[in-house]
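Protein chains in written order, with my numbering: chain A, 626 to 829; chain B, 86 to 392. Right, one structure below, let's go through it.
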Amino acid sequence: MAKMGMVFDLKACIGCNACVVACKQENSLPDGVFFTRTLSYEHGTYPNTRRTYIPTICNQCEDAPCEKVCPSGATFTREDGIVMVDRDKCIGCSSCAVACPYDMRTMLDKDMFEKGLFGTGELTPFEKQGYERFTPGTSVKCDFCSQRVDAGLDPACVSTCPTNARIFGDLDDPNSAPSKLIRDRDGRQPLPEKGTKPKVYYVD
Amino acid sequence: MTNTGNNRLVGNSFKLGYRFQRYWDTSMAIAFFSAEVGTGLFLVSYFCNYVLGMALGLALTATLKPYFHLAHMGVPQKSWRAILRPDRSWISRGAFAVAVLVGFGVLHVIDRATGLGAALGLSQGVIDLVGYLAVAGALVVMCYQGLAMSHSESLTLWASPLLPVSSFCYALTAGALLTLVVGWGALEPRRLAGLVNLAVLMLILDTLVVFGILLSARRKSKGGAFSAEMLLQGEYSSPFRNLVLLLGLAAPVVLMALGAGSYPMVILATLAMLVGFFAFRVLLFKAAVFEPITHDLAGSIGLPSAR
């Protein structure tokens with residue numbers, strides 16, 4: 626059985642946020658909703674200062690706390706390890722949002738869909754067709770663009786990344802690109818002490 | 086290396102730092118608060134055999150708690166999906182405990198008010214059992230919200246075994262004080278004096294538990310220390326000090342010590358405690374933060390522990 630995961634190459638990421646834009650476009654995300662973010666961090670002492678970019682995304686945890694606490698069974702893990710949300714079952718209790726140590730859940734407000742991306746109160750044709758996939762009041766998250774994965778494609782953020790800082794593949798396959806990177810460059814998971822077994826790794 | 090940027094509170098920005106818990110808000114705080122106050126009132130009134138107090142406690146728990154829980158949900162019309170899953174749902178198990186409390190509690194109140202059990206020819210053992218089941222439900226509800234919060238490892242401020250203890254202690258304090266207010270004149274003076282002593286003892290325990298929560302958060306992780314700092318010195322220090330500590334815990338003790346025999350003093354002490362208790366509930370939600378995925382990027386970009 627596959628175990629889909631992702632590796633972020635922190636040396637390659639230039640913080641261009643193309644991944645963020647691609648994700649918003651692919652998933653028709655309303656204003657204020659991001660499934661992926663590229664966080665920045667300044668450190669050092671003048672004149673030796675640096676800015677590092679840290680991409681973040683739902684970690685598709687093997688032991689997903691959001692799935693464990695979901696009272697309605699709306700959050701579930703697919704056979705390939707991708708953690709999904711069934712919007713028809715979600716009751717919007719936000720237990721998952723509180724349980725996720727990475728703050729990677731978003732609750733959809735009704736307002737988000739009414740004001741539109743341009744804040745004019747009018748929706749563009751792109752927004753109208755895209756918003757049909759959402760139910761206001763429910764919880765949403767990244768699902769590695771499962772619709773693209775099902776079609777044999779990489780997630781939109783991976784396809785778009787101009788520096789190949791995002792590497793996607795099957796972590797159960799020792800010959801896959803992400804498995805090799807994790808092995809060769811000592812891949813590390815975010816907040817491992819939380820015990821969630823993320824399927825997203827960072828290499829530097 | 087020195088950090089040259091502000092990596093502390095980053096809100097919804099694209100910077101690395103602490104992010105506030107913003108998913109559980111005032112609706113949830115009111116739901117938790119009303120359940121604990123109502124259940125505390127029921128439990129203390131049960132042991133005082135005071136029917137009006139029990140009825141009021143049940144009414145508070147059975148109305149405000151479900152209403153504000155539903156108000157919090159994004160899709161309340163589908164809440165039945167969560168209520169019918171006791172195997173995996175905190176909401177379901179909590180609803181079950183409330184149903185036990187309210188169901189058996191109402192039967193107990195009716196029996197005490199009308200003598201229905203004896204009229205129906207039920208044995209004293211059965212009549213007592215109904216009361217014990219209501220008390221068991223009350224004990225679960227009193228601790229349950231704190232237990233649910235302590236289960237969330239993502240927010241260090243909440244992930245403490247002292248959270249259910251705080252729920253229980255605050256509920257019992259509110260119960261003792263409200264029973265004093267409601268039952269003033271109806272309960273025997275000996276009973277009232279006992280309730281005053283119980284309230285003062287619980288207020289002292291509440292204080293210890295509140296500081297215990299902050300202390301355990303400080304030790305557990307950097308995010309927990311940050312939350313404790315926000316409550317003691319930072320953004321929320323003013324409401325925490327003035328409402329939770331001074332008004333909610335110290336003032337009632339002083340008022341009870343100065344004038345426990347005076348009804349207005351007891352009312353004032355109760356109001357002060359309830360305001361402080363509600364502030365504590367709200368601030369626990371507001372000051373909880375998610376850890377950044379890494380705290381220290383000096384040198385090589387590792388992902389070191391948050392501890």
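Positions of the beta carbon are idealized from the N, C-alpha and C atoms, including for glycine. If you're wondering where the values come from, they're calculated on a predicted model, not measured in any experiment.
Between A/Met732 and A/Asp768, the C-beta gap is not smaller than 8 Å, which leaves the two residues out of contact. In this structure, B/Phe189 is the residue among B/Phe189, B/Arg170 and B/Ala261 with its C-alpha nearest to the C-alpha of B/Asp213. Taken atom to atom, the span from the alpha-carbon of B/Ser119 to that of A/Tyr666 is near 42 Å.
Taking a C-beta cut-off of 8 Å against chain B, the contacting residues of the segment 700-728 of chain A are Lys714, Cys715, Ile716, Gly717, Cys718, Ser719, Ser720, Ala722, Val723, Ala724, Cys725, Pro726, Tyr727 and Asp728, listed in chain order.
From the beta-carbon of B/Ala167, the residues of chain A found nearer than 7 Å are Pro696, Ser697, Ile716 and Cys718. Secondary structure at A/Arg813: strand, using DSSP grouped into helix, strand and coil. Not a single CB atom of chain A sits nearer than 8 Å to the CB of B/Gly309. With contact defined as three or more Cβ pairs closer than 8 Å, the segment 796-815 of chain A and the segment 355-371 of chain B are not in contact. At a Cβ-Cβ threshold of 8 Å, A/Cys638 and A/Ala790 count as neighbours.
For A/Asp795, DSSP records a beta bridge to A/Met629. Remark: C-beta atoms of A/Gly706 and A/Lys628 approach each other more closely than 8 Å.
Along the segment 252-273 of chain B, there is no position whose C-beta sits under 7 Å from a C-beta of chain A.
In the three-state reduction of the DSSP assignment, B/His236 falls in the coil class, being assigned neither a helical nor a strand state. Rounded to whole angstroms, the gap between the alpha carbons of A/Met631 and B/Leu356 is 54 Å. A Cβ-Cβ separation of about 37 Å leaves B/Ser164 out of contact with A/Ile679 under the 8 Å criterion.
Between the C-alpha atoms of A/Phe751 and A/Tyr727 there is a straight-line separation of about 30 Å. Residue environment analysis places B/Trp175 among the buried positions, since at least 16 neighbouring C-beta atoms fall within 10 angstroms of its C-beta. Here the alpha carbons of A/Thr663 and B/Phe99 stand approximately 6 Å from one another. If you look at A/Ser784, you'll find it in the alpha helix (DSSP H) that goes Ala781 to Thr785. The residues Ala116, Ser119 and Ala120, in chain order, have a CB closer than 6 Å to that of B/Lys150 in the same chain once the five nearest residues on each side in sequence are set aside. Among the CB atoms of chain B, none fall inside 8 Å of the CB of A/Thr785.
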